[in-house]
Amino acid sequence: MTKEELFSMCRLEEITPHKLAQCEPFECENKDLNDFFANDAVKYAKRLLGKTYVFSLRENPQTIVAAFTVSNDSIRMTNKLNEESKLIFLHETELEDKCLRRFPAVLIGRLATNKNFAGKGIGTAVMDFIKYWFRFDNKTGCRFIIVDAYSNEATLHYYLKTLLSRLEIIGPEKARI
Numbered sequence: 001m002t003k004e005e006l007f008s009m010c011r012l013e014e015i016t017p018h019k020l021a022q023c024e025p026f027e028c029e030n031k032d033l034n035d036f037f038a039n040d041a042v043k044y045a046k047r048l049l050g051k052t053y054v055f056s057l058r059e060n061p062q063t064i065v066a067a068f069t070v071s072n073d074s075i076r077m078t079n080k081l082n083e084e085s086k087l088i089f090l091h092e093t094e095l096e097d098k099c100l101r102r103f104p105a106v107l108i109g110r111l112a113t114n115k116n117f118a119g120k121g122i123g124t125a126v127m128d129f130i131k132y133w134f135r136f137d138n139k140t141g142c143r144f145i146i147v148d149a150y151s152n153e154a155t156l157h158y159y160l161k162t163l164l165s166r167l168e169i170i171g172p173e174k175a176r177i
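In structure tokens, the structure reads:
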């Protein structure tokens, strides 16, 4: 599915208490994500920790097809990185002439597809939309996307396929792409 097909089927809305009250419960294959979207997403927005958006069906707005949370982050050039890794990053991103210790990025903290719509390419269309959304008019002045994802085979495969970039495992249950 393309992002254009996604928009012909769905509309994008910010998640609010009113929207949650109108909608059927969102269910994906991950209980933690279900709990976050039902109970924490609005709190995150209120505390300025992240904004959650949903794609709901145009013909049935009570049905949430996909949800995602974005916030600000940065790629840090720390002393923990060896010089070769730093030089490779700066060269590949054409930033050798910049003396920054941090590079602005968008963090995708949560992303899920309704289990009734799984396997239809919706997650890929959502990722394509997010990449387009942040490039269009370069709203936030950044060029990097960071994903805070569960470290399991299917999730990591999905992000590698949709983002086509390096994967760095940062813990037994987390990965950064």
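If you're matching positions, the sequence shown starts at 1 in full-length UniProt numbering and goes up one per residue.
In this text, a Cβ means the ideal position worked out from N, Cα and C, and glycines have one as well.
How many angstroms separate the CA atom of residue i from the CA atom of residue j?
i           : j           : result
residue 77  : residue 140 : 20 Å
residue 174 : residue 148 : Its pLDDT being 46, under 50, residue 174 is placed unreliably in this model, and the value from its coordinates should be taken loosely. Cα to Cα, the separation comes out at about 7 Å.
residue 94  : residue 119 : 36 Å
residue 48  : residue 130 : 19 Å
residue 45  : residue 111 : 15 Å
residue 9   : residue 57  : 6 Å
residue 2   : residue 88  : 32 Å
residue 170 : residue 137 : Annotation note: pLDDT 41 at residue 170 (below 50); position unreliable, coordinate value reported separately. So the alpha carbons of these two residues sit roughly 32 Å apart.
residue 11  : residue 68  : 14 Å
residue 144 : residue 92  : 12 Å
residue 43  : residue 83  : 40 Å
residue 127 : residue 96  : 28 Å
residue 153 : residue 50  : 26 Å
residue 101 : residue 142 : 14 Å
Leaving out the 5 sequence neighbours to the left and right, which residues in its chain are closer than 8 Å to residue i when beta-carbon positions are compared?
i           : result
residue 5   : 125
residue 146 : 73, 75, 105, 106, 107, 108, 176, 177
Select from the options the residue whose C-alpha is nearest the C-alpha of residue i.
i           : options           : result
residue 103 : 113, 90, 115, 122 : 90
residue 70  : 8, 133, 56        : 133
residue 30  : 51, 92, 66        : 66
residue 38  : 17, 56, 10, 58    : 17
residue 60  : 128, 1, 127, 19   : 19
residue 26  : 50, 96, 55        : 55
residue 33  : 115, 128, 96, 127 : 115
Among the residues of its own chain, which have a CB less than 6 Å from the CB of residue i, if the five just before and after it don't count?
i           : result
residue 14  : 53
residue 41  : 15, 52
residue 117 : 65
So, at 7 Å on beta carbons, what are the nonlocal neighbours of residue i in its own chain, with the 5 sequence-adjacent residues on each side left out?
i           : result
residue 62  : 22, 23, 24
residue 36  : 110
residue 122 : 1, 6, 65, 66, 113
residue 28  : 34, 112, 113, 114, 115
Start-end ranges of the alpha helix (DSSP H) lying completely within the segment 43–76, minimum 4 residues: none
At 4 residues or longer, and completely inside the segment 6–42: list those alpha helix (DSSP H) runs for me, N to C. List check, alpha helix (DSSP H) in window: 17–22, 31–35.
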